[in-house]
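Enquirer: The structure under discussion is supplied below as structure tokens; questions concerning it will follow.
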Amino acid sequence: MYGFKKSEVKNSFFTRVYEIVSRIPRGRVATYGQIAAMAGSPLAARAVGTAMQNTPEYLDIPCHRVVNKSGSMSPSYAFGGADKQREMLEGEGVVFKGNGHIDIERCIWIVDNY
DNA sequence: AATTTGACAGCGA
DNA sequence: GTCGCTGCCAAAT
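At position 30 of the first sequence (counting the first as 1) the number is 82 in the working numbering, and the numbers step up by one without a gap.
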């Protein structure tokens with residue numbers, strides 16, 4: 053209550069993004085654009101990136117399951133680098149192709165109701 | 001209120 | 001396939 057910033061409490065775009073990301077199941081990935089659309093702003097993929105960069109650690113959300121649409125990952129990923137992220141994903145069953153990219157078409161998170 | 005920033009996406013070369 | 005440029009958006013300053 054007292055140690056929270058307003059941005060962490062109010063129902064902001066970031067907050068919606070965090071809630072959505074926290075629901076991504078194991079072995080699945082979601083794209084920034086996809087999450088932006090779910091959060092209510094289909095063109096705010098970039099803003100989703102900003103949200104991820106500011107993700108408070110105590111939220112414990114699987115931000116490693118968020119990747120760009122080409123199935124590659126951001127070099128500036130904060131948990132130890134792209135290779136580390138790849139290990140985590142492979143450990144969950146996410147399929148990688150020979151070129152080091154995720155088989156996005158196969159592992160994309162499919163939601164029926166939200 | 002205006003400017004800056006950035007873990008994106010689409011398009012052309 | 002990669003590289004660069006452009007458009008977009010929400011947050012923080």
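For each residue, glycine too, the CB sits at the ideal point set by N, CA and C.
Name the one or two DSSP bridge partners that Phe170 has.
Expert: With the chain running from 53 to 166 in the structure shown, residue 170 is simply not present.
Enquirer: Could you name each continuous alpha helix (DSSP H) segment of 4 residues or more that falls completely within the region 85 to 151, going from the start of the chain to the end?
Expert: Complete alpha helix (DSSP H) runs here, min 4: 97 to 105, 134 to 144.
Enquirer: Going by alpha carbons, who is nearest to Asn165 out of Met90, Pro114, Ser64, Ser74?
Expert: Counting from one through the first sequence, the residue named residue 165 turns up at place 113. Checking every option, the nearest Cα to that of Asn165 belongs to Met90.
Enquirer: Going by beta carbon distance, what residues of the same chain come within less than 6 Å of Ser59, once the five residues before and after it are set aside?
Expert: Walking along the first sequence from the start, residue 59 turns up at place 7. Any answer about Ser59 is weak, because its pLDDT of 49 lies below 50 and its placement is not dependable; what the coordinates show is given next. Closer than 6 Å at the Cβ level, and outside the excluded window around Ser59, lies no residue.
Enquirer: Can you tell me the Cβ-Cβ gap for Leu95 and Ala103, rounded? I've got them flagged as a contact below 8 Å.
Expert: As a working note, residue 95 is residue 43 in the first sequence. As a working note, residue 103 is residue 51 in the first sequence. That belief does not hold up - the Cβ atoms of Leu95 and Ala103 are roughly 14 Å apart, past 8 Å.
Enquirer: Drop a sphere of 10 angstroms on the beta-carbon of Ile154, count the other beta-carbons inside from all chains shown, and report buried for 16 or more, exposed for fewer.
Expert: Walking along the first sequence from the start, residue 154 turns up at place 102. Classification for Ile154: buried.
Enquirer: Exposed or buried, Gly123, counting other C-beta atoms within 10 Å across all chains shown (16 or more means buried)?
Expert: Looking up residue 123 in the first sequence gives position 71. So Gly123 counts as buried.
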